[in-house]
Amino acid sequence: MDVTRTTIRIILFLLVGAAVYGFLRIPELIDRIVPSKSINVLVWPNVIDAEHFEAFEKETGIKVRLSYFENYEELLVKMQSGMGDYDLVMASDYAVRTLIASNVVKPIDKKRIPYFSDIYPVLLGLSFDPDNRYTIPYSWEIYGVGIDTTYYKNGLPDASWALLFDEKVSPPHVGMLDDAREVVSIAALYLFGGKNKQITVDQMKQIEQLLRRQKKRVAMYTDLRTDYLLVSQAAPAVLGISSDIYHAMHEYDTIKFLLPKEGSFMLMDMWLIPKETKKDDWVYQFLSYVYRPEVMKKYADRYNFFPAMRNITSDDNRYFLTPTPSLFSRLHLFDYEIPEQQMRELWIALKS
Numbered sequence: 007m008d009v010t011r012t013t014i015r016i017i018l019f020l021l022v023g024a025a026v027y028g029f030l031r032i033p034e035l036i037d038r039i040v041p042s043k044s045i046n047v048l049v050w051p052n053v054i055d056a057e058h059f060e061a062f063e064k065e066t067g068i069k070v071r072l073s074y075f076e077n078y079e080e081l082l083v084k085m086q087s088g089m090g091d092y093d094l095v096m097a098s099d100y101a102v103r104t105l106i107a108s109n110v111v112k113p114i115d116k117k118r119i120p121y122f123s124d125i126y127p128v129l130l131g132l133s134f135d136p137d138n139r140y141t142i143p144y145s146w147e148i149y150g151v152g153i154d155t156t157y158y159k160n161g162l163p164d165a166s167w168a169l170l171f172d173e174k175v176s177p178p179h180v181g182m183l184d185d186a187r188e189v190v191s192i193a194a195l196y197l198f199g200g201k202n203k204q205i206t207v208d209q210m211k212q213i214e215q216l217l218r219r220q221k222k223r224v225a226m227y228t229d230l231r232t233d234y235l236l237v238s239q240a241a242p243a244v245l246g247i248s249s250d251i252y253h254a255m256h257e258y259d260t261i262k263f264l265l266p267k268e269g270s271f272m273l274m275d276m277w278l279i280p281k282e283t284k285k286d287d288w289v290y291q292f293l294s295y296v297y298r299p300e301v302m303k304k305y306a307d308r309y310n311f312f313p314a315m316r317n318i319t320s321d322d323n324r325y326f327l328t329p330t331p332s333l334f335s336r337l338h339l340f341d342y343e344i345p346e347q348q349m350r351e352l353w354i355a356l357k358s
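All residue numbers for the sequence shown refer to the working numbering, where the first residue is 7 and numbers rise by one.
#1: Of all the alpha helix (DSSP H) runs that stay within the bounds of the region 313-355, which reach a length of 4 or more residues?
#2: My output table needs one value for D124: the three-state DSSP class, helix, strand or coil.
#3: Looking at C-alpha atoms only, which residue of Y158, I54, I45 and S44 is the closest neighbour of V301?
#4: First and last residue of the beta strand (DSSP E) that includes T228?
#5: Note down, one range per segment and in chain order, each alpha helix (DSSP H) of at least 4 residues found wholly within the region 194-243.
#6: Classify R298 as helix, strand or coil using the three-state DSSP reduction.
#7: Alpha carbon to alpha carbon, how far is Y6 from E147?
#8: Between F340 and F263, is the Cβ-Cβ spacing less than 7 Å?
#9: Specify the secondary structure class of F59 as computed by DSSP and reduced to three states.
#10: Tell whether a beta-carbon distance below 7 Å holds between S145 and D275.
#11: Assuming Y126 and R316 are in contact, meaning their beta carbons sit under 8 Å apart, how far apart are those beta carbons, in whole angstroms?
#12: If you check the beta carbons only, do K203 and Y78 fall under 7 Å apart?
#13: Kindly list the residues whose CB is nearer than 6 Å to the CB of K304, restricted to its own chain and excluding five residues on each side of it in sequence; keep chain order.
#14: Which residues bound the beta strand (DSSP E) around V83?
#15: For W353, which residues of its own chain have a beta-carbon under 6 Å away from its beta-carbon, when the five flanking residues on both sides are left out?
#16: Between the alpha carbons of E188 and K267, how many angstroms are there, rounded?
#17: How long is the line joining the alpha carbons of L236 and G150, rounded to whole angstroms?
#18: Where does V26 sit, in a helix, a strand or coil, going by DSSP?
#19: Can you find the residues in the same chain that come closer than 6 Å, C-beta to C-beta, to D250, ignoring five residues on each side of it along the sequence?
#20: Note down the Cα distance separating Y74 from V47, rounded to an integer number of angstroms.
#21: By Cβ distance below 8 Å, which residues in the same chain neighbour K281 in space, the five residues on each side in sequence not counted?
#22: Locate the beta strand (DSSP E) running through I45, then write down its first and last residues.
#23: By Cβ distance, which residues of its chain are closer than 8 Å to L195, with the 5 residues on each side in sequence left out?
#24: Spatial neighbours of P345 within its chain, please: C-beta separation below 7 Å, excluding the five flanking residues on both sides.
Below is the structure:
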């Protein structure tokens, strides 16, 4: 009798669970059968938000549903598994190659984007999508060294990655980003230059030695903004991205951003259209809206990124770098071929 009751309870529990799951999926199922006038957009945090969408929704009647991802791996899982039924996604340049190779995005009709001709030419035709068949640049940033000038009482130091890696010129404490590929790539650029993008096993050993020597001076490896380490004076030199360092520069005139003489890396965020979406018309209306100069400027000013469009200016020097051929000749993409197993093992050892 007890066995029968237990079985009945299990069956009832499963039925209730299935009913709840089905109820939660009703909006999605309805949208598949009779698509609502809405688009699902997957983006990084701190690049775009829904604050300025009210005007677009009022103008077009199209509801924009934003979802966020936190890292490269999460983006790939969502896109490659078909999770979320997204109609438009934002991805950084190093993720674009994988998305294109995975055949999960469709070609973009550039004629349907009125402001495409206003994008800086140097942001187009890059190696991950040479013809911009699948991508539209939206924003760009660069990596560099943020410094607290109050520490350098005898004048500003040379702009070099040595400020982070060479204990002869590096301060007692430095801040580093918590990203294995970024840190290993920057260490490789510092040690070997940027001409050869294929990192050998022997070179990885040299990178490991460099990062192990540095570890005793690392105040923190952080996913959060390293400019906090500058402002709090926990570290007078940090590896940072331009948007974060500018945030501190805007508040404190003692903070400076240095572009190392050895060169550096840039990060670009691009729009891509998932292959499975059937809402192309609405997607292009949305893209046309976010590329309006007044709209892009609002987001660029809020999140401190460099806008991809030429006709956006600022009165407060927040766009303190312009994407010229001269500047871009000193910048690299995160496209080093790095021995994955060695990189993972090194990062685990550094963080332990």
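Glycine is no exception: its CB is placed at the ideal position from the N, C-alpha and C atoms. Owing to the predicted nature of the structure, the values given are computational and were not obtained by experimental measurement.
By the coordinates alone:
#1: Runs found: 331-334.
#2: Helix at D124.
#3: Of the candidates Y158, I54, I45 and S44, the one whose C-alpha sits nearest the C-alpha of V301 is I54.
#4: Counting along the chain, the beta strand (DSSP E) containing T228 begins and ends at V224 to T228.
#5: The region 194-243 contains, as complete alpha helix (DSSP H) runs of 4+ residues, the segments 207-221 and 233-237 (chain order).
#6: Coil, per DSSP.
#7: The displayed coordinates of the chain run from 7 to 358. Any statement about residue 6 would go beyond what the structure contains.
#8: No, Cβ-Cβ distance for F340 and F263 is not below 7 Å.
#9: If DSSP states are grouped into helix, strand and coil, F59 belongs with coil.
#10: Judged by their CB atoms, S145 and D275 are nearer to each other than the 7 Å cut-off.
#11: Contact holds; Cβ gap of about 6 Å.
#12: For K203 and Y78, no; Cβs fall outside 7 Å.
#13: Excluding residues up to 5 positions away in sequence, H58 lie with their Cβ nearer than 6 Å to the Cβ of K304 in the same chain.
#14: No beta strand (DSSP E) holds V83; the alpha helix (DSSP H) holding it covers Y78 to S87.
#15: The residues are A186.
#16: Put simply, the backbone Cα of E188 is about 18 Å away from that of K267.
#17: Between L236 and G150, the C-alpha separation is close to 14 Å.
#18: Unreliable positioning characterises V26 in this predicted model, as indicated by a pLDDT of 48, which lies under 50. A coordinate reading is not provided.
#19: The residues R231 and D233, in chain order, have a CB closer than 6 Å to that of D250 in the same chain once the five nearest residues on each side in sequence are set aside.
#20: Y74 and V47 have their C-alpha atoms spaced approximately 8 Å apart.
#21: Correct list, in chain order: N109, V110, V111 and K112.
#22: Note, I45: beta strand (DSSP E), S44 to V49.
#23: Exclusion of the five residues before and after L195 leaves W167, E268, G269, S270, F271 and H338 as the residues of its chain whose Cβ lies within less than 8 Å of its Cβ.
#24: Annotation for P345: I205, V207 and M210 place their beta carbon closer than 7 Å to its own, counting only its chain and skipping 5 residues before and after.
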